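Going letter by letter, the sequence shown gives residues -19 to -1, 1 to 483 in mature numbering (1 follows the signal peptide of the UniProt record, and there is no 0).
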Amino acid sequence: MTLMRIFAGLIIAITFANSFQVVATVGPRNRRETAKRENVLGHVADLDIVNDIVSPDGFPRSGVLAGGTFPGPLIQANKGDELRINVINQLYDTSMNTTTSIHWHGILQHHSNWADGAAFVTQCPIPPNASFLYQFSVPDQAGTFWYHSHLSTQSCDGLRGPLVVYDPHDPLDHMYDVDNESTVIVLSDWYHIPSPQRSNPDSTLINGLGRYSGGPMSPLAVVNVEYGKRYRFRVIGASCDPWFNFTIDGHRMTIIEVDGTEVKPVDVDSLAVFAGQRYSVVVNADQPVDNYWIRALSSFQNQTFDGGQNSAILRYRGAPDEDPTTKPRPYVLPFDEGFLQPLFGAGAPGIPEPGKADVNINLVPSLNTTSGQWALNNISFVAPPLPILLQILSRHQHPSQLLPSGSIYELPSNKVIEISIPATDLSPGGASGKAHPLHLHGHAFDVIRVSGSSSYNFVNPVRRDTVSIGTQANNDNVTIRFVTDNPGPWFFHCHVDWHLRA
């Protein structure tokens, strides 16, 4: 039996200043173009969680599926909408988890911490034959998000899907012509055995389709374009473990959004997409009418594009219905996270010097080689018997009484917080390891020191909610800043699902 490694998860509890409330506002609907896609839900919907047999890469297995598909239905909303998603648990396959919860990744949940969906942090898991109504507003958010199970490794069995909040007054809409259901691109890994059993992924899927080594020539996802039009592709890193190097043969990309934050346009030939991260890129369909490979090379070893693995197809209108024969282009403009700058409101909060925030926290990743557990500051997260939020609201016990010492950081409200995560030789990104993504619920943060850099940027750092901690080989010490302006208990954890089993 393979040993499960658990990465430390921390609870950041911000002092409650207000009672919970949901403010409902409704914005106008506006789509530049429409596309026919059956698997789409609006901002008010039922979401059935079911077991079914799926074979996205040609290998059949039972999965845990939102709406009976992988990935789950695209949920669409407008900036200003109130979302009301009723999650109905119809799971019965006991080879996998039959309870569930849904996290709305990147949604800040102002005044709705209870709807964040982190099992054992803000709610109890939803039992079979029960439902849970997630109700929250997005008054100030627009962009590319996603939803996924936040219970153990259940998302690796298929419970993942895209969520897009459109802005009817997008300040960058002059840069593209098409932004609809057809331009959402979900990158994911896929496993042929149930997730409680640790394994390397068997295939990479793009929009729920792919091929595996030695397997059949299963259909690949096709993204259709028309010559002369500009497309806003919303790329979602919905993986359990690997990150992907995303490219489109013959086409350059212009980044205009990072994790729900508009950025000044940056041209690139490739994207590094870690688990939980999202990008909007504009692609100009200005090449000869043909089929072109879309590539998402996994960070796992011995990956290949042979036989259409790790690939999808960009198909121009009028091109034949066949696999491409194109070759990847050289990376003249490689991806560099340090080049990404917010379009509005740039600048990290607080005094512009390292260690000069109101609260400064240093989290050192490590590995307990005896237990196989990952830790932060030598503390591994243990799921409490009662959700943290309920403990806070009951006022019967302090949450720290039910968790290992060091699992909870209680932070004052409306203060600047700085967190540094140095990569060490025993960390997930150690000398022999790989970079791992950390995600903070309830907040976007400014990355004042990005991986691969030794300098700090307080003037116009990238703002996002999921960041790679880099590697010890690069002497990385990724550092973030944010303001505690959103009261509640919020999870801060590695987004490699195998390293977080809550």
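Built from N, CA and C at the ideal position, the CB exists for glycine as well. Source: prediction; values computed, not measured.
Here Val270 is near Gly299, since their CB atoms are less than 7 Å apart.
In summary, Lys337 is exposed, with fewer than 16 beta-carbon neighbours lying within 10 Å of its beta-carbon over all protein chains present.
Leu421: not part of any alpha helix (DSSP H); member of the beta strand (DSSP E) spanning 418 to 421, first to last residue.
Here Arg213 is buried. Its C-beta has 16 or more other C-beta atoms within 10 Å.
Take Asp427, set aside five residues on each side of it, and the residues of its chain with a beta-carbon closer than 6 Å to its own are Ala329, Pro442, Arg444, Arg462, in chain order. Residue environment for Asp302: exposed (fewer than 16 other C-beta atoms within 10 angstroms of its C-beta). Runs of the beta strand (DSSP E) spanning 3 or more residues and lying entirely within the segment 36 to 60 occur at 42 to 47, 55 to 59, in chain order. The beta-carbon distance between Thr447 and Gly257, rounded to whole angstroms, is 4 Å. This is short enough to meet the 8 Å contact definition.
For Ile187 and Asp148, the gap between their C-alpha atoms comes out near 25 Å. Beta-carbon to beta-carbon, Pro223 and Ser279 are separated by about 4 Å, close enough to satisfy the 8 Å threshold. Taking Asn67 as reference, the option from Gly326, His173, Gly209, Leu28 with the minimal CA-CA separation is Leu28. For Ser176, no alpha helix (DSSP H) segment is defined, and its DSSP state is neither H nor E.
Residue pairing by DSSP puts Val159 in a beta bridge opposite Tyr212. Within a 10 Å sphere around the beta-carbon of Pro108 sit fewer than 16 other beta-carbons, which makes this residue exposed. A Cβ-Cβ distance of about 6 Å is found for the pair Asp38 and Arg192, placing them in contact under the 8 Å criterion. Cβ-Cβ distances below 7 Å link Phe51 to Val35, Pro37, Gly44, Gly139, Gly189 in the same chain, with the five nearest sequence neighbours on each side left out; the list follows chain order. Put simply, the backbone Cα of Arg376 is about 13 Å away from that of Pro368. Within the segment 319 to 351, the beta strand (DSSP E) runs of at least 3 residues that lie entirely inside it are, in chain order, 340 to 343, 346 to 349. Under DSSP, Thr125 forms a beta bridge with Val145.
The continuous alpha helix (DSSP H) containing Ile373 extends over residues 369 to 375. Excluding five sequence positions before and after Ser130, the CB atoms of its chain that fall closer than 6 Å to its own CB belong to Thr81, Ser136, Leu140, given in chain order. For the 7 Å CB-CB criterion, Ala99 and Phe472 form a contact.
Distance from the Cα of Ile450 is smallest, within the candidate group Ser347, Asn32, Pro120, Ala47, for Ser347. Residue environment: Lys308 is assigned as exposed (fewer than 16 neighbouring CB atoms within 10 Å of its CB, all protein chains considered).
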